Amino acid sequence: MTSTTTSRDDEAERLRRWRLVLGGGADGTGHELRGRDAAMDSALTALYGRQKGTDGQGTDRGRRTAGLGASAPGVARWLGDIRTYFPSSVVQVMQRDAIDRLGLSALLLEPEMLEAVEADVHLVGTLLSLNRVMPETTKETARAVVRKVVEQLEKKLATRTRATLGGALDRSARISRPRHRDIDWDRTIRANLKNYLPEHRTVVPERLIGHGRTTQSVKKDVVLCIDQSGSMAASVVYASVFGAVLASMRALDTRLVVFDTAVVDLTDQLDDPVDVLFGTQLGGGTDINRALAYCQSRITRPAETVVVLISDLYEGGIRDEMLKRVAAMKASGVQFVTLLALSDEGAPAYDRDHAAALAALGAPAFACTPDLFPDVMAAALEKRPLPIPDMAEQR
16 MTSTTTSRDD
26 EAERLRRWRL
36 VLGGGADGTG
46 HELRGRDAAM
56 DSALTALYGR
66 QKGTDGQGTD
76 RGRRTAGLGA
86 SAPGVARWLG
96 DIRTYFPSSV
106 VQVMQRDAID
116 RLGLSALLLE
126 PEMLEAVEAD
136 VHLVGTLLSL
146 NRVMPETTKE
156 TARAVVRKVV
166 EQLEKKLATR
176 TRATLGGALD
186 RSARISRPRH
196 RDIDWDRTIR
206 ANLKNYLPEH
216 RTVVPERLIG
226 HGRTTQSVKK
236 DVVLCIDQSG
246 SMAASVVYAS
256 VFGAVLASMR
266 ALDTRLVVFD
276 TAVVDLTDQL
286 DDPVDVLFGT
296 QLGGGTDINR
306 ALAYCQSRIT
316 RPAETVVVLI
326 SDLYEGGIRD
336 EMLKRVAAMK
346 ASGVQFVTLL
356 ALSDEGAPAY
366 DRDHAAALAA
376 LGAPAFACTP
386 DLFPDVMAAA
396 LEKRPLPIPD
406 MAEQR
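Right, here's the structure in full:
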């Protein structure tokens, strides 16, 4: 193959890609799509097609709008098409765009539609927001969709979470007279460096530091306090899954509390995160102070308690009282963690004044990914500095 032919092929591929990006009409490429490319373009145009001008003259001004309409059969066919032509990650993005741009939430109340969609965390959030208006004929299908996502998340997150926190719990129970197999050699050597004997090139360990053996008794109390306002949907999903994982660890006594302007304790449902999720009611106002007052009233061992507040901090309650509660809990020995989000999306919109006030109290607020959450919890359990990510990178 000559370089001229290769150059022509490269140019044709560039035109093909630009044609798919720009859509139909006078896109300027002059490239005609056929076969699979034409089908992909049709699926994209249905969602991101061009709109007539607002002057009533039908002028194409390049603004994007929707072209699916509200036909359930039509949308179901489109969902099948995009799953055929695009990878799962792209399908999930297109589904979210369809729900946002086309107002297709109502169609998700139909069982046949739910069976056609690609399930992910964001779809679960949408279903939970529709929970109160969902007909009984749809609820079982919705629960099946939610359970599928929850089981995928548990499989992904549970093993590392248990391993990381199990190690943290062991280290937090260090003992001064450990058995040989329980000695923490790194910490023992560092603690005895002053006893180094140069002539023997060795350290004489006057004091041994060891890991306590894991027992069946509860060592730490964890309280997850979750804002269930609409903007926190993904965080509610992840927090519910993590809550179930933590509750399965015998060395932890885990409590899960969700709130808007009311407070609901879902601890007794932690054995099934799907029940937890359907016990939430996404949307509504926010009263962080009331939620923290409830959590504070349930703390019996402050020095052995970690409270995790997951909220965007837009407080509708009494701000000064909220801050006083946080200060009081920290003063009593509680490890207080503030997460602006528990999701893969990074830092959301949040109340910066409240975040700054919490940071001044020694409870810095930051967004946390699901992958980072076990490390954050391990640091809190061991009373170490939290691994706070760079907020500038999260925006």
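Counting from 1, position 160 in the sequence shown corresponds to residue 175 in our numbering; the numbering is continuous, with no gaps. All C-beta atoms, glycine included, are put in the ideal place defined by N, C-alpha and C. Bear in mind that the values here come from a model prediction, so they are computed numbers and not experimental data.
Is it buried or exposed, residue i, if we count other Cβ atoms within 10 angstroms and call 16 or more buried?
| i | result |
| --- | --- |
| VAL165 | buried |
| GLU28 | exposed |
| THR353 | buried |
| VAL36 | exposed |
| TYR211 | exposed |
| LEU143 | buried |
| ALA113 | buried |
| LEU138 | buried |
| ARG340 | buried |
| GLY50 | exposed |
| PRO400 | exposed |
| GLY300 | exposed |
| ALA58 | buried |
| LEU338 | buried |
| ASP275 | buried |
| GLU155 | exposed |
| ALA277 | exposed |
Could you tell me the alpha carbon to alpha carbon distance between residue i and residue j, rounded to whole angstroms?
| i | j | result |
| --- | --- | --- |
| VAL238 | ARG92 | 45 Å |
| PRO126 | SER244 | 26 Å |
| THR384 | THR176 | 13 Å |
| MET247 | SER22 | 49 Å |
| ARG162 | MET149 | 17 Å |
| GLY64 | LEU117 | 12 Å |
| ASP412 | ARG32 | Beyond the ends of the chain as shown, which are 16 and 410, falls residue 412; an answer cannot be given. |
| THR80 | VAL273 | Residue confidence for THR80 is low, a pLDDT of 48 falling below 50, so the modelled location carries little weight and cannot support an answer. |
| GLY331 | VAL251 | 19 Å |
| GLY361 | PHE381 | 9 Å |
| GLN296 | LEU145 | 9 Å |
| ALA14 | LYS235 | Since the first residue shown for the chain is 16 and the last is 410, residue 14 is missing from the structure and cannot be characterised. |
| VAL123 | PRO402 | According to the sequence provided, residue 123 is Leu. The question's Val does not apply to it. Between LEU123 and PRO402, the C-alpha separation is close to 39 Å. |
| ALA393 | GLY182 | 8 Å |
| GLU397 | ALA54 | 55 Å |
| ASP56 | PRO404 | 39 Å |
| ARG147 | THR153 | 12 Å |
| GLU151 | ALA318 | 46 Å |
| THR178 | GLN167 | Checking the sequence shown, residue 178 turns out to be Ala, not Thr. Going from the Cα of ALA178 to the Cα of GLN167 covers about 18 Å. |
| ALA371 | ALA364 | 14 Å |
| ARG98 | PHE388 | 31 Å |
| LYS209 | ARG316 | 37 Å |
| ALA214 | SER187 | Looking at the sequence provided, one finds Glu at residue 214 rather than Ala. About 35 Å. |
| ALA308 | GLY298 | 21 Å |
| SER312 | ARG334 | 18 Å |
| GLU26 | ALA157 | 47 Å |
| ASP386 | ILE204 | 32 Å |
Note down, in chain order, each residue of its chain lying with its Cβ closer than 6 Å to the Cβ of residue i, except the 5 sequence neighbours on either side.
| i | result |
| --- | --- |
| ALA249 | VAL136, GLY140, SER358 |
| GLU336 | ASN304 |
| ILE314 | THR320 |
| ALA395 | VAL321, GLN350, VAL352 |
| ALA262 | THR269, LEU285 |
| ASP411 | An answer regarding residue 411 cannot be provided, because it is not within the stretch 16 to 410 covered by the chain. |
| VAL160 | LEU129, ALA134 |
| VAL279 | VAL273 |
Can you name, in chain order, every residue of its own chain whose Cβ lies under 7 Å from the Cβ of residue i, other than the five neighbours on each side?
| i | result |
| --- | --- |
| THR282 | ARG270, LEU271 |
| LEU94 | ALA131, VAL132 |
| SER103 | GLU133 |
| ALA254 | LEU239, ILE241, ILE325, LEU357 |
| GLN284 | ASP290, VAL291, GLY294 |
| ASP368 | none |
| CYS310 | VAL238, CYS240, VAL272, VAL322 |
| SER120 | ILE114, THR141, LEU145 |
| GLN72 | Residue confidence is low: GLN72 scores 41 on pLDDT, short of 50, so the model does not pin down where it sits. Its coordinate-derived value is still stated next. Closer than 7 Å at the Cβ level, and outside the excluded window around GLN72, lies no residue. |
| VAL391 | VAL352, CYS383, LEU401, PRO402 |
Hey, is residue i's beta-carbon within less than 8 Å of any beta-carbon in chain E?
| i | result |
| --- | --- |
| ALA61 | Note that chain E does not occur in the displayed structure, where there is just one protein chain. |
Considering only heavy atoms of the ligand FAD, does any lie closer than 7 Å to the CB of residue i?
| i | result |
| --- | --- |
| THR276 | In the structure shown, the ligand FAD is absent, as is every other ligand, since no ligand is present at all. |
In chain order, what residues of the same chain have a beta carbon less than 8 Å from the beta carbon of residue i, not counting five sequence neighbours either side?
| i | result |
| --- | --- |
| TRP200 | none |
| MET100 | Per the sequence presented here, residue 100 reads as Tyr, with Met not at that position. Contacts found: ARG51, ALA54, MET55, ALA58. |
| PRO288 | VAL165, GLU169, SER255, VAL256, GLY258, ALA259 |
| LEU180 | LEU261, MET264, LEU267, PRO389, MET392, ALA393, LEU396 |
Is the stretch 295-305 touching the stretch 167-176 in the sense that three or more CB pairs, one from each, lie closer than 8 Å?
no
Are the stretch 313-328 and the stretch 345-359 touching by the rule of at least three beta carbon pairs closer than 8 Å?
yes
For a minimum of 4 consecutive residues, which ranges assigned as the alpha helix (DSSP H) are wholly contained in the stretch 350-389?
367-375
Is it true that the stretch 215-223 meets the stretch 102-111, where meeting means three or more beta-carbon pairs spaced less than 8 Å apart?
no
Does the contact criterion of 3 or more C-beta pairs under 8 Å hold for the stretch 373-391 versus the stretch 339-346?
yes
Start-end ranges of the beta strand (DSSP E) lying completely within the stretch 242-277, minimum 3 residues:
267-274
Complete beta strand (DSSP E) runs within the stretch 271-340 (minimum length 3 residues, chain order):
278-280, 320-325
Whole runs of the alpha helix (DSSP H) within the stretch 164-214, excluding any shorter than 4 residues
200-206
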